[in-house]
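As you go down the protein sequences, you meet chains A and B in turn. Letter 79 of the first sequence, counting from 1, is numbered 79 in the UniProt record's numbering, and no numbers are missing. Letter 191 of the second sequence, counting from 1, is numbered 191 in the UniProt record's numbering, and no numbers are missing. What follows is a short report on a single structure.
2 protein chains.
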Amino acid sequence: MSHTCGTRQARKQKTRQALLDAALELLEGQSLSSLGLREVTRAVGVTPTAFYRHFESTADLGVALVEEALGSLHTVIRDALTATWDSDERITRTIELIVRHVRAYPAHVRFIARERHGGVQRVREAIGEQLAQFADEVREALRHDPDAAGWSQEDLEMLAGLYVDHMLETASLLLSMGDEGFEQVADRAERQLRLVSIGRKHWLDVS
Amino acid sequence: MSHTCGTRQARKQKTRQALLDAALELLEGQSLSSLGLREVTRAVGVTPTAFYRHFESTADLGVALVEEALGSLHTVIRDALTATWDSDERITRTIELIVRHVRAYPAHVRFIARERHGGVQRVREAIGEQLAQFADEVREALRHDPDAAGWSQEDLEMLAGLYVDHMLETASLLLSMGDEGFEQVADRAERQLRLVSIGRKHWLDVS
DNA sequence: CATTACAGAGAACAGTTGTTAACTGGATGA
DNA sequence: TCATCCAGTTAACAACTGTTCTCTGTAATG
């Protein structure tokens with residue numbers, strides 16, 4: 001790597017980011033548990049030993065990638081939750097947000113979908129924690145939703161989990177489709193959310 | 001390997017199965033894309049070169065594992081679909097079937113959950129095809145269900161997809177829990193299915 | 001200006017990998 | 001009975017892996 005410009009910390013963070021970027025790109029064709037340290041440094045153009053200045057293993061790098069990938073998703077979710085749309089428009093807008101996010105950060109989405117159940121324990125755990133936090137926020141937002149008034153805490157969690165899982169499932173399904181299938185998948189996901197929405201309206205009728 | 005007993009074909013299938021079993025066990029701690037050919041043969045106790053008599057690569061072995069793992073799931077699904085329970089009992093029984101299957105074949109479930117979005121394309125495709133077939137069967141069963149009478153083909157597919165995805169999500173969530181969390185997860189999954197069921201009953205009211 | 005801190009380079013290590021080729025010996029089939 | 005087949009072995013190959021140690025040059029610190 002060139003030692004040409006910028007302050008010390010800045011240059012360090014630059015190569016760190018380069019390592020993350022290169023890893024993310026390499027992970028399009030394999031899973032984290034087969035990602036080699038040398039492979040990453042070779043793609044960046046630095047010595048294998050330089051890797052240790054930033055991460056102590058590829059699993060460690062994976063955890064960093066989780067924060068990067070789910071950090072961007074986090075803002076998207078907060079936006080979707082705080083917006084005050086009516087029930088029907090909210091579904092349409094949410095799907096639109098997902099589609100937009102998949103188009104904007106496909107590698108991030110792929111990484112999360114792949115490593116969520118992947119072969120590296122620490123990374124699985126990191127993703128699990130973040131997703132649990134997402135579910136908590138969704139549940140909290142649902143508490144102030146008129147369509148979920150009077151629901152028990154357990155039922156709110158149940159619904160929040162359904163939404164988070166469905167979001168991830170939709171995102172990774174969008175990824176696996178070419179651009180021509182986007183609309184079809186998005187439409188199906190929208191109808192699925194609508195079905196759930198109808199179930200919500202009549203949930204207290206029976207239980 | 002010992003050349004001691006059985007006919008020729010039988011011994012060949014025996015080591016083939018041993019390779020599959022060993023691979024499945026090794027895959028509990030990593031993903032397929034990092035599974036080495038030598039690693040598998042070492043676990044079985046045969047020479048690396050013997051591997052080529054059965055598979056041409058670990059990806060090839062992975063495809064074979066897909067058939068084995070989803071073959072057993074297939075019978076479970078058929079049983080659940082053909083049984084004629086009423087709507088409420090069907091949900092309870094279905095969850096019970098999933099729980100039982102996860103307990104009986106945890107390694108199979110883990111493999112499918114991990115490699116469904118994993119790093120090996122051919123295996124992803126093989127799983128995708130099988131799951132699409134599952135969804136087709138579910139959709140066909142839904143066609144004769146009174147609670148889905150008058151639904152369009154697209155809506156039936158939408159619902160079937162929701163069910164298949166939810167089944168897999170539930171199964172892999174059960175896997176990641178210790179035995180003590182089983183009941184809780186199963187209960188939540190059951191309520192989620194009930195929510196969807198309520199949505200089904202009122203689907204035609206609005207669309 | 002002199003000193004220290006430290007990101008990255010360089011070289012070497014033991015161990016592993018996938019793959020090839022030639023070989024062995026017991027089951028198979030005429 | 002004898003020739004054939006073929007699952008598995010043996011040996012060797014170049015290439016690659018993670019990790020350690022020593023070194024270099026520049027930015028930061030006083």
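Ideal Cβ positions, reconstructed from N, Cα and C, are used throughout, including at glycine.
With respect to the C-alpha of B:E180, the residue from B:L37, B:Q30, B:S197 and B:V99 having the closest C-alpha is B:V99. Around the Cβ of B:Q192, a 10 Å sphere holds 16 or more other Cβ atoms; the residue is buried. Chain order gives no chain A residues near B:G178, where near means a beta carbon separation below 8 Å; the closest approach is about 14 Å. With its beta carbon at least 8 Å from every one in chain A, B:A149 lies outside the interface. B:H54 is a Cβ neighbour of B:R16, given a cutoff of 8 Å. With respect to B:L97, B:D79 sits close: the two C-beta atoms are nearer than 8 Å. With its beta carbon at least 8 Å from every one in chain B, A:H101 lies outside the interface.
Setting aside the 5 residues that flank it on each side, B:V185 is surrounded in the same chain by T170, L173, L174 and M177, each with a C-beta closer than 8 Å to its C-beta; the list follows chain order.
For B:H74, the enclosing alpha helix (DSSP H) starts and ends at T58 to T82.
Look at B:A59: its C-beta is not under 8 Å from any C-beta on chain A. Under the three-pair Cβ rule at 8 Å, the segment 19–36 of chain B counts as touching the segment 24–32 of chain A. Contact between the segment 37–53 of chain A and the segment 38–46 of chain B is absent: fewer than three C-beta pairs spanning the two stretches fall below 8 Å. In this structure, the CA atom of A:R200 is about 37 Å from the CA atom of A:G62. In the three-state DSSP reduction, A:M177 falls in the coil class, being neither helix nor strand. For A:A148, no alpha helix (DSSP H) encloses it, and the DSSP letter there is neither H nor E. For B:A113, the nearest CB of chain A lies under 8 Å from its own CB, placing it at the interface with that chain.
Residue burial annotation: B:D155 is buried, with at least 16 other C-beta atoms found within 10 angstroms of its C-beta. Of all residues in the segment 184–199 of chain B, the ones placed with a Cβ closer than 7 Å to any Cβ belonging to chain A are R188, R191, Q192, L195, V196, I198 and G199, in chain order. Shown here for B:E190: same chain residues with a beta carbon closer than 8 Å to its own, the five before and five after excluded, namely I91, T92 and I95 in chain order. For A:H108, the enclosing alpha helix (DSSP H) begins and ends at P106 to E115.
In this structure, the CA atom of A:D145 is about 15 Å from the CA atom of A:A135. Distance from the CA atom of B:I198 to the CA atom of A:A10, rounded to whole angstroms, is 56 Å.
Listed along chain B, the residues sitting closer than 7 Å to A:D165 by beta-carbon distance are E169. Ranked by how close their Cα comes to the Cα of B:L81, the residues B:Y105, B:E140, B:H108 and B:D60 have B:E140 in first place. Where B:T41 is concerned, the enclosing alpha helix (DSSP H) starts and stops at L37 to V44. Judged by DSSP in its simplified three-state form, B:Q184 adopts helix. When the alpha-carbon of B:Q121 is set against those of B:H108, B:Q153 and B:T58, the nearest one is in B:T58.
Put simply, the CB of A:S31 is near chain B, with a gap under 8 Å to one of its CB atoms. A:L168 and A:A50 have their C-alpha atoms roughly 35 Å apart. Within the same chain, V66, L70, I112, E115 and R116 come within 8 Å of B:I127 by CB-CB distance, once the 5 residues on both sides are set aside. Where B:V120 is concerned, there is no enclosing alpha helix (DSSP H), because DSSP gives it neither an H nor an E.
Close CB contacts of B:G150 within its chain, under the 7 Å cut and outside five residues either way in sequence, are with L204 (chain order). For A:L26, the uninterrupted alpha helix (DSSP H) segment begins and ends at R8 to L26. Close partners of A:H74 in chain B (Cβ separation under 7 Å) are lacking, with about 21 Å as the shortest Cβ gap. For B:W203, the uninterrupted alpha helix (DSSP H) segment begins and ends at W203 to V206.
Along the segment 80–98 of chain B, there is no position whose C-beta sits under 8 Å from a C-beta of chain A.
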